[in-house]
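Engineer:
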Amino acid sequence: MAEAIFKALLLVIATTAFATTEAALGQRVPCYFVFGDSVFDNGNNNVLNTSAKVNYSPYGIDFARGPTGRFSNGRNIPDIIAELMRFSDYIPPFTGASPEQAHIGINYASGGGGIREETSQHLGEIISFKKQIKNHRSMIMTAKVPEEKLNKCLYTINIGSNDYLNNYFMPAPYMTNKNFSFDEYADSLIRSYRSYLKVQLYICLRF
């Protein structure tokens, strides 16, 4: 799964870079929304009661703004995509964004986040994928972002690795490895992921 996600991200970046090179200067999409885990988190966990936070050195050692909560030494993938899409600044984290920011873009990703609600619960507070979608719905409704605009926005998602690393592969406190075979668990994650994309996110775009 991790390899497939990595290849998909490379495809997004390559496609985005090509589009930016070929197109005229200017912001390429009206808004950009980010969902996921630590690969995409840029500070949402800073305000949570969780051990999954990295707002201290040496994280951010190569980032102009220092430690911001990004799980990296510098920019993360959404930052690079925002640059390629010619946004004037990086997409801000949900926890520090006003509803009006929903007209430009918000990063909802949370380090430790997973498809299953209980994933990473041993780390403390985590914003699951389901909660991220609910936060997105709340923000776009409050800001009254037009449906036509939302349909033209860019959305990136990186989720699922914690459902194994911080759930299925851990003997305690999780029971998923006892209740599901490896294949059954994968099928369960795929069904839930598909449901979130087809139902909940679909509703968000047509509130």
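Anchor point for the sequence shown: position 136 equals 136 in this note's numbering, and the numbering is continuous, going up by one each time. Don't be surprised by glycine CBs; every beta carbon is placed ideally from N, CA and C.
Taking just the CA atoms, how far does V47 sit from E83?
Structural biologist: For E83 and V47, the distance between alpha carbons rounds to 26 Å.
Engineer: Could you tell me the alpha carbon to alpha carbon distance between P67 and T50, rounded to whole angstroms?
Structural biologist: Computed Cα separation, rounded: 17 Å.
Engineer: Pairing CB atoms from the region 130–150 with CB atoms from the region 60–79, are three or more of them under 8 Å?
Structural biologist: Counting Cβ pairs under 8 Å, fewer than three are found: no touch.
Engineer: Just to confirm before moving on: does the CB-CB distance between L59 and F71 stay below 8 Å?
Structural biologist: The sequence given here has Tyr at residue 59, not Leu. In this structure, F71 lies closer than 8 Å to Y59 by Cβ.
Engineer: Hey, how far is the Cα of T176 from the Cα of R86?
Structural biologist: If I take the Cα positions, the gap works out to 42 Å.
Engineer: Do G105 and C31 come within 8 Å of each other at the CB atom, strictly closer than that value?
Structural biologist: Result yes, Cβ atoms of C31 and G105 sit closer than 8 Å.
Engineer: State the Cα-Cα distance for the pair P113 and V54, rounded to the nearest angstrom.
Structural biologist: Residue 113 is actually Gly in this sequence, not Pro. Using only the alpha carbons, I get a separation of about 15 Å.
Engineer: Residues in its own chain within less than 6 Å of Y168 by CB, not counting five upstream and five downstream?
Structural biologist: Around Y168: T176, N177 and Y185.
Engineer: Starting from T176 and walking both ways along the alpha helix (DSSP H), at which residues does that stretch end?
Structural biologist: Where T176 is concerned, the enclosing alpha helix (DSSP H) stretches over T176 to N179.
Engineer: Our contact map puts N44 next to A102 with C-beta atoms below 8 Å; I'd like the distance itself, whole angstroms only.
Structural biologist: N44 to A102, Cβ: 15 Å. No contact.
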